[in-house]
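S.K.: Before anything else, here's the structure in question.
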Amino acid sequence: MASTSGRVYLRWDEKMDTIFINTLLEHRQHGQKTTSGWSLMAYNKASFNLKREANLDVTAEQCKTRWKILKTNHLLVKKVVESSGFGWNEETQLVTAEEMV
């Protein structure tokens, strides 16, 4: 965790994101995601799984914040990919751009 002016920030890595996202996918498959978003139960389960699988103390609130960040980033990338001259490379999982862009 990083600290800036007394606040502690959690640094998420790929393993943490994988555990988190897989937990949310399980909840969605069981119909536990509402149209308004994830339930507190889903975030609590993600917190539990992060502790169990990675020995990390991550709160449900930190999971909720991470979801907001992932969703925002996804929407930004989606907007870029849908723009003229841009695309998505499935193999590299990266945004592509024409030379003139």
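In the numbering used here, the protein residues as written are 170 to 270. Idealized CB from N, CA, C, for every residue including glycine.
Going by beta carbon distance, what residues of the same chain come within less than 8 angstroms of Val249, once the five residues before and after it are set aside?
M.R.: The beta carbon of Val249 sits closer than 8 angstroms to those of Phe255, Val264, all from its chain and outside the five residues before and after it, given in chain order.
S.K.: What is the DSSP secondary structure of Arg176, reduced to helix, strand or coil?
M.R.: strand
S.K.: Kindly indicate which residue of Met185, Ser252, Lys237 has the alpha-carbon position closest to the one of Arg221.
M.R.: Met185
S.K.: Count the other C-beta atoms from every protein chain shown that fall within 10 angstroms of the C-beta of Phe217, then say buried if there are 16 or more, exposed otherwise.
M.R.: exposed
S.K.: Could you please give the first and the last residue of the uninterrupted beta strand (DSSP E) stretch that includes Leu263?
M.R.: 263 to 266
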